[in-house]
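Data block below; observations after.
Residue numbers (our numbering): 4 to 114.
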């Protein structure tokens with residue numbers, strides 16, 4: 004459950020930045036989390052709820068922007084977002100996603 008580690012780091016960074024700015028309280032923490040990170044949204048939100056107690060962010064809200072994987076198909080020469088990747092990443096076919104333009108499974112690069 005690496006969501007706890009991610010949230011510990013996020014809270015630590017937020018507190019450091021708040022203190023450097025002379026703040027006494029954090030009202031909101033915003034994160035961008037990529038689909039390829041393997042973060043489970045519910046686990047991240049639960050970690051925040053548990054870990055924020057006793058910190059400058061104890062009354063803060065968490066806003067997370069979940070960013071889809073953007074893939075590049077060499078056959079089509081275009082980018083596409085893959086919702087299927089994460090499901091198939093757990094099989095023996097890593098870095099494979101369905102490209103709608105090419106109409107079949109392709110190896111891809113992502114960002």
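Even for Gly, the Cβ is constructed at its ideal location relative to N, Cα and C.
Owing to the predicted nature of the structure, the values given are computational and were not obtained by experimental measurement.
My guess is that residue 3 and residue 48 are in contact by the Cβ rule of under 8 Å, so how many angstroms apart are they, rounded?
Beyond the ends of the chain as shown, which are 4 and 114, falls residue 3; an answer cannot be given.
Here's the rule: buried if 16 or more other CB atoms are within 10 angstroms of the residue's CB, otherwise exposed. What is residue 16?
Position 13 of the chain shown, counted from the first residue, corresponds to residue 16. Note on residue 16: under 16 other CB atoms within 10 angstroms of its CB, so exposed under the neighbour-count rule.
Span of the alpha helix (DSSP H) around residue 9
In the chain shown, residue 9 corresponds to position 6, counting from 1. First-last of the alpha helix (DSSP H) with residue 9: 6-23.
List the endpoints of the continuous alpha helix (DSSP H) containing residue 45.
As a first step, residue 45 is located in the chain shown; it is residue number 42 there, counting from the start. 44-54 is the extent of the alpha helix (DSSP H) around residue 45.
Neighbourhood of residue 50 by C-beta distance below 7 Å, restricted to the same chain and skipping five residues each side:
Residue mapping note: residue 50 aligns to position 47 of the chain shown, counting from 1. If we look at residue 50 and ignore the five residues flanking it on each side, its Cβ neighbours are 6, 7 and 10.
Look up residue 64 in the DSSP assignment and say whether it is helix, strand or coil.
To locate residue 64, count along the chain shown from 1; it is residue 61. Here residue 64 sits in strand by DSSP.
Run through the DSSP bridge pairs and tell me what residue 79 is partnered with.
Along the chain shown, read from residue 1 onward, the residue named residue 79 stands at position 76. In the DSSP assignment, no residue is bridged to residue 79.
By how many angstroms is the C-alpha of residue 73 removed from the C-alpha of residue 28?
Sequence index remark: in the chain shown, residue 28 carries index 25 (1-based). Sequence index remark: in the chain shown, residue 73 carries index 70 (1-based). Using only the alpha carbons, I get a separation of about 36 Å.
Using DSSP bridges, identify the partner residues of residue 32.
Residue 32 sits at position 29 when you count from the first residue of the chain shown. DSSP, once it has assigned bridges, lists 65 as partnering residue 32.
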